[in-house]
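Working notes, beginning with the structure itself.
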Amino acid sequence: MEQHAKIYVAGHRGLVGSALMRTLQARGYANLVTRTHAELDLTKQAEVEAFFEREKPDYVFLAAAKVGGIHANDTYPAEFIRDNLAIQTHVIHAAWKHGVRRLLFLGSSCIYPKLAPQPMKEEHLLAGPLEPTNRPYALAKIAGIEMCWAYNRQYQTQYLAVMPTNLYGPGDNYHPQNSHVIPALIRRFHEARLANAPSVSVWGTGTPRREFLYSDDMADACVYLMNLPDAQFVPLLGQDRNDGLAPVVNIGVGHDISIRELAETVAATVGYAGKLEFDATKPDGTPRKLMDVGRLDAMGWQAKTDLRAGLAAAYADFLARQS
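This is how it looks when you write it as C-alpha cells:
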C-alpha cells in the first residue's frame, strides 16, 4: 500500500479497527478514511453506495461487525446474523463496483467447526458442525469469506479474509454482560478487588483452552498481508484455484492456555487475591480453539506481545476509561 493511498477502515472505533488505525498511523499512512456509525450506517445499502461513490478508497479494511461473547451471541442471534450479513454484503459489493484495489475482510476463529482438529487449519472451514452458541455470527462470517472468494473468481478482485484468534487489548468492550472473556474478567476482578469480595464466579468449568492475540499484533499482521507483493498476495486469493482452499489466512500466536490459567493470570494482573469459583452450570463453549498459523508464519510474520505484557496494557486501558 502506497503511503499516499486512500485507505478506508470500516469499524475504526472497535477493538480491531482502533488497532488498525494505530498501526497504520504509526507506519506513516495519513490518508485514512473513517466514519462513525452515526455518519454511515453500513447496514444501509444506499448509504454505503453513496460513500464509496464519493470517497473511492484504494484499500479497505473491513473490521466493522456486530460482535460479542457467548451471552450476547445467545441473546441476540437475529441481530448477529442480520447485521453482519448486511454490513459485509454492502461493503464488499461497493468495493468491487468502485474499483477498490485490495480488501481485507476480518473474520473470526468461530468459523471453524466446534470439534475441528487442533490446531485449526484454513482447510478445516466447513468440515463439520459449528458451535451452536455463536452459529449465526459464524455463518455470517463464512458467507463473507465465500463472497470474497466468489468476487475473486468472477471479477479477479483481490479480497482476502483473515481469521484472528481471540483478541484483547486497548479499545475493548468491557460491558458486564456482552463482552468477551478477557475484558469481562478484567472488569469482574477489578470490581471484586475494590469491593474486597472474598470470591469471584467464573463461567464454565475452566477446562476449555483458548488462544489469545494482542490486538496491535493482529493489526500488524493485517497491514503486513496487505503489503505483500502480488507474487505472494494473489496466490492466496483463490482466483483460479481448483483445490478448494478459500482465500483465508489464520492470525494467532500458535499456543493456548486453559480458561482457569487465564483467569488466574488476569486476577494477578488486576491485583485480586480472592478465591476463583468456576460455575459448571454455565456453558463452556468449544472445548479447544487453537489456530494453525503455519501459513502466516511461512510468509515471515509472528506475534510479538506475550500474554502478561498484553494483559497489563489492556488493564491500563480499562483503568484509563474509568477516570
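Under this note's numbering, the very last position in the sequence shown is 1081; numbers go up by exactly one each time.
Note that CB positions come from ideal geometry on N, CA and C, so glycine has one too.
Bear in mind that the values here come from a model prediction, so they are computed numbers and not experimental data.
| Asked | Found |
| --- | --- |
| Backbone secondary structure at V767 - three-state DSSP | strand |
| Given G886 as reference, the closest of P875, Y895, A1074, N892 once Cα atoms are compared | P875 |
| Spatial distance of Q1060 from V1007 (CA atoms) | 13 angstroms |
| Same chain only: Cβ atoms within 6 angstroms of T1063, ignoring 5 sequence neighbours per side | Y972, D975 |
| G927 burial status per 10 Å Cβ neighbour count (16 or more: buried) | buried |
| Minimum length 3: unbroken beta strand (DSSP E) runs contained in the stretch 819-902 | 860-864 |
| CA-to-CA distance, A777 to K1040, given in whole angstroms | 31 angstroms |
| Buried versus exposed, by CB contacts within 10 Å (16 or more), Q916 | buried |
| Euclidean distance between Cα positions of Y834 and A1056 | 38 angstroms |
| Enclosing beta strand (DSSP E) for A919 [first to last residue] | 917-922 |
| Residue(s) in a DSSP beta bridge with M1049 | M878 |
| Whether M921 touches I869 by CB criterion (8 angstroms) | yes |
| Own chain, CB closer than 6 angstroms to P1045, minus 5 neighbours either side, in chain order | P966 |
| Counted within 10 angstroms of its Cβ, other Cβ atoms place Q846 as buried (16 or more) or exposed | buried |
| Neighbourhood of L897 by C-beta, 8 angstroms cutoff - its chain only, sequence neighbours within 5 removed | I839, L888 |
| Three-state secondary structure assigned by DSSP to L798 | coil |
| Selection from V958, C980, L800, Y982 that minimises the alpha carbon distance to A823 | L800 |
| CB contact below 8 angstroms: I1009 versus chain D | This model lacks chain D altogether; it includes just one protein chain. |
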